[in-house]
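Okay, structure first, notes after.
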Amino acid sequence: MMTGSFIVLEGIDGCGSTTAAKVLGSQLQSHGVKVHITNEPTDGPAGALIRLALKKRVTLAPKAIALLFAADRLDHLNRPGTGILALLEQDYIVVSDRYKLSSYAYQSTEPGIELAWIKEINRQAREPDLTILMDLPPKQALERKVSQQTAEGMELYEYQEKQEAVRQCFLSSTKELIDKGHKAITIDAGKPMNEVHEEVLKLVTATLEA
Ligand code: TYD
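Numbering (my numbering), first residue to last: 42 to 251.
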């Protein structure tokens, strides 16, 4: 098996990407592969500021949030010694729960922001070796989330109309990646969880063996 691959899981809030990343990580580890599971926003300083905005504890202009996500991403990639690029060089399989497609989908659907600008500020972020979009209707995804938290606990983007727009942008951006020759795929995340996890593992294994 070839190592040193960058795998990304994407999708709307409640699509199950966090659990899927963890499950994928332990499955790969049990095959003796060097794996690093990570996520965006990160736990770095830019990520910390982003989380305050997501929890509505600070108010930031949507364009400033977009720049913070892009900054957090470049820090995630380039952090000396521990960044994604350094880990890939050490032959790790890096699995990220969210990456730049999340910025395309969430930030370009904010008022006054164009997708072209979001792409521009994320241009320096390396393309993943595989992007898996875990597609799910927002109603189903929000039901999962609401059952876990109160309405007041809902984060900045966790309302249905937003998630609907985000979903459409995820779908079109994934199609665009495929059209440009990148490895990307949309899967149905509404299936039973074990089936989704099996499908993710198959796709990743195929990419690693390619
Ligand atoms: P999420 O993965 O849901 O984190 P948590 O499980 O801790 O809530 O991500 C937090 C939110 O950040 C989610 O609503 C999506 C949003 N987000 C963006 O708007 N742009 C981005 O570039 C990224 C990575 C996430």
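Backbone N, C-alpha and C define an ideal beta-carbon position, used for all residues, glycine too.
As assigned by DSSP and simplified to three states, the class of residue i
i	result
D113	helix
L128	helix
E168	coil
L183	helix
D220	helix
I53	coil
I154	coil
M42	Unreliable placement is indicated for M42, whose pLDDT of 42 sits below 50; the coordinate value is still reported in the next sentence. Correct three-state label for M42: coil.
L174	strand
V74	coil
Residue i, enclosing alpha helix (DSSP H) - first and last residue
i	result
M234	234 to 250
T83	Unbroken run through T83: none, as it is neither H nor E.
L142	141 to 148
Burial state of residue i (16 or more Cβ within 10 Å)
i	result
Q148	buried
H72	exposed
M175	buried
K155	Reading the sequence as shown, one finds Glu at residue 155 and not Lys. Burial call: exposed.
M43	Low per-residue confidence applies at M43: pLDDT is 44, beneath 50, and the placement is therefore not dependable enough to give any value.
G153	exposed
S214	buried
L118	buried
V237	buried
R185	exposed
P121	exposed
Closer than 8 Å: residue i CB and nearest ligand 1 heavy atom
i	result
E205	no
Y147	yes
L156	no
E199	yes
I91	yes
D138	yes
P254	The first residue shown for the chain is 42 and the last is 251, placing residue 254 beyond what the model contains.
R114	yes
S214	no
P82	yes
S67	no
Residue span of the beta strand (DSSP E) that contains residue i, given as start and end
i	result
S6	Any property of residue 6 remains undetermined from this structure, which presents the chain solely from 42 to 251.
A225	225 to 229
9 Å Cβ cutoff met for residue i and residue j
i	j	result
Y140	P103	no
C210	T150	yes
F47	R164	no
S67	D138	no
A61	L69	no
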